[in-house]
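Novice: For reference, the structure I am asking about is given below.
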Amino acid sequence: FLQSQGYRIVFFPSLWWASTHRNPHADVTFNPWHGFNLGHALSRSDLRRTLRKKTLFEFTNVGSFANDDDYIERAFAGLAQVPGSGAGRPTFTFAHFLAPHGPYVFDADCRTTVNVPTGSPPVKDRSAAYIGMIRCIDRMVLTTVTEILRKSTVPPIILLQSDHGSKTLDFDGEPSPDKVSDAQARERFGAFGAYYLPAGGDSLFRDSVTVVNVLPKVFNFYFHTELPLSPDTHYMSVTGLGKRRIMDDRALASGQRMGAKPGKLR
Numbered sequence: 011f012l013q014s015q016g017y018r019i020v021f022f023p024s025l026w027w028a029s030t031h032r033n034p035h036a037d038v039t040f041n042p043w044h045g046f047n048l049g050h051a052l053s054r055s056d057l058r059r060t061l062r063k064k065t066l067f068e069f070t071n072v073g074s075f076a077n078d079d080d081y082i083e084r085a086f087a088g089l090a091q092v093p094g095s096g097a098g099r100p101t102f103t104f105a106h107f108l109a110p111h112g113p114y115v116f117d118a119d120c121r122t123t124v125n126v127p128t129g130s131p132p133v134k135d136r137s138a139a140y141i142g143m144i145r146c147i148d149r150m151v152l153t154t155v156t157e158i159l160r161k162s163t164v165p166p167i168i169l170l171q172s173d174h175g176s177k178t179l180d181f182d183g184e185p186s187p188d189k190v191s192d193a194q195a196r197e198r199f200g201a202f203g204a205y206y207l208p209a210g211g212d213s214l215f216r217d218s219v220t221v222v223n224v225l226p227k228v229f230n231f232y233f234h235t236e237l238p239l240s241p242d243t244h245y246m247s248v249t250g251l252g253k254r255r256i257m258d259d260r261a262l263a264s265g266q267r268m269g270a271k272p273g274k275l276r
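Note that the sequence shown covers residues 11 to 276 in this note's numbering.
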């Protein structure tokens, strides 16, 4: 649709998440690393990163998490260069950053830090590392957004959207979805969202919005499409159980006891 409207599609792939690792429809795909490097290659998919741990490479720095900080910094720098790069064509840019996300490779001052695995250290250490990386990523995001706004000749639409909240309360350690507490669920469902919507677009969102409806609302407003909105329903799965917990968004927002309806994943 956007290409038919004259838009150029620029894609910033995630470092290793399969669903956002490639986009065959993109006109331009950002590549932070050129040429072949074994360490880079071993870090470019979840499967490769997992298999690496079973080999002798685990005892070296080859393909370790040491590449993650470099990838993140290069991707943010690349985003700041997008305005003005399309030779007059409007641009739709999609970027997926696996940050803040383990491994926590930055401290609060954006210095590369020793990797803190997400599973084994005490919760206190994990939480401190997580918060430090959040502070660093916040700084990188603000710097990048400021540059994009400064360089854009037409006010851009900017959507900063996380796919889920944190899990410091360890929701996925519960034996079944119905055992997940309301506090654990609210934390996990607390997806961050911040939007810059010029020309009256700020009227689209009020107190809350379900993540799946963000883009339909934006497209309907700016491109006069008629994309249907999805129900305000949240789904939670607990790893390895093949079950989910379904919650209504109104109960989630009101703070009332949320009705949970466990069911099998389809």
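Note that the Cβ used here is the ideal one computed from N, Cα and C, for glycine as well.
Comparing alpha-carbon positions, which option in R121, P93, Y114, L57 lies nearest I158?
Specialist: Per the Cα distances, P93.
Novice: For R216 versus M246, is the C-beta spacing smaller than 8 Å?
Specialist: For R216 and M246, no; Cβs fall outside 8 Å.
Novice: What three-state label does DSSP hand Y232 in the structure shown?
Specialist: Reduced to three states, the DSSP call for Y232 is helix.
Novice: Run the CB neighbour count on S24, radius 10 Å, all protein chains shown included, and call it buried at 16 or more, exposed below.
Specialist: It counts as buried.
Novice: Excluding the five sequence neighbours on either side, which residues of its own chain have a C-beta within less than 6 Å of the C-beta of L169, listed in chain order?
Specialist: Here the set comprises Y205.
Novice: According to the Cβ coordinates, are F107 and A85 closer than 8 Å?
Specialist: Yes.
Novice: Rounded C-beta distance between F104 and F21? I'm assuming under 8 Å.
Specialist: F104 to F21, Cβ: 6 Å. Contact.
Novice: Please name the residue in E83, R59, G183, H234 whose C-alpha comes closest to that of G27.
Specialist: According to the sequence as given, residue 27 is Trp; it is not Gly. It is R59 whose Cα lies nearest to the Cα of W27.
Novice: In terms of alpha-carbon separation, which member of P165, G88, S176, P166 lies closest to M150?
Specialist: Of the listed residues, the one whose Cα sits closest to M150 is G88.
Novice: Determine the closest residue to A201 out of S213, L225, V221, K63, with distance taken between C-alpha atoms.
Specialist: For A201, the nearest C-alpha among the options comes from V221.
Novice: Can you say whether L57 is buried or exposed, counting buried as having 16 or more other CB atoms within 10 angstroms of its CB?
Specialist: Classification of L57: exposed, given that the 10 Å Cβ count is below 16.
Novice: Determine the direct distance from the alpha carbon of C120 to that of R145, and round the result to whole angstroms.
Specialist: C-alpha separation (whole angstroms): 8 Å.
Novice: Give me the Cα-Cα distance between G203 and Q171, rounded to the nearest whole angstrom.
Specialist: One C-alpha to the other measures close to 5 Å.
Novice: Which term fits N77, buried or exposed, when burial requires 16 or more other beta carbons within 10 angstroms of its beta carbon?
Specialist: The residue is buried, with at least 16 neighbouring Cβ atoms inside 10 Å.
Novice: Here's the rule I'm using: 16 or more other beta-carbon atoms within 10 Å means buried, otherwise exposed. How should V228 be labelled?
Specialist: It counts as buried.
Novice: Using a Cβ-Cβ cut-off of 7 Å (strictly less than) and excluding sequence neighbours within five positions of I19, which residues of its own chain qualify?
Specialist: Excluding sequence neighbours, I19 sits near L12, Q13, H35, A36, D37, F102.
Novice: Between the alpha carbons of K189 and D242, how many angstroms are there, rounded?
Specialist: Roughly 22 Å separates the two Cα atoms.
Novice: Please check the pair I147 and G211, which I expect to be a contact at CB under 8 Å, by giving their CB distance rounded to whole angstroms.
Specialist: So it is not a contact: roughly 25 Å between Cβ atoms.
Novice: Starting from R18, trace the beta strand (DSSP E) in both directions and tell me its first and last residue.
Specialist: Taken as a continuous stretch (DSSP letters only), the beta strand (DSSP E) holding R18 covers 18-22.
Novice: Got a sec, what are the start and stop residues for the alpha helix (DSSP H) G49 sits in?
Specialist: 48-52 is the span of the alpha helix (DSSP H), which, as asked, contains G49.
Novice: Should A209 be labelled buried (16 or more other beta-carbon atoms within 10 Å of its own) or exposed?
Specialist: The residue is exposed, with fewer than 16 neighbouring Cβ atoms inside 10 Å.
Novice: Tell me whether the beta-carbon of A139 lies closer than 8 Å to the beta-carbon of Y114.
Specialist: Yes, these two residues count as a Cβ contact at 8 Å.
Novice: Under the rule that 16 or more other beta-carbon atoms within 10 Å means buried, what is G45, buried or exposed?
Specialist: Burial call: exposed.
Novice: Note the first and the last residue of the continuous beta strand (DSSP E) segment covering T60.
Specialist: No beta strand (DSSP E) holds T60; the alpha helix (DSSP H) holding it covers 56-62.
Novice: Helix, strand or coil for G269, going by three-state DSSP, please let me know.
Specialist: At G269, the pLDDT of 44 sits below 50, so the modelled position is not reliable; the number obtained from the coordinates is stated separately. Reduced to three states, the DSSP call for G269 is coil.
Novice: Check for me: the beta strand (DSSP E) holding Q171 runs from which residue to which?
Specialist: Taken as a continuous stretch (DSSP letters only), the beta strand (DSSP E) holding Q171 covers 168-171.
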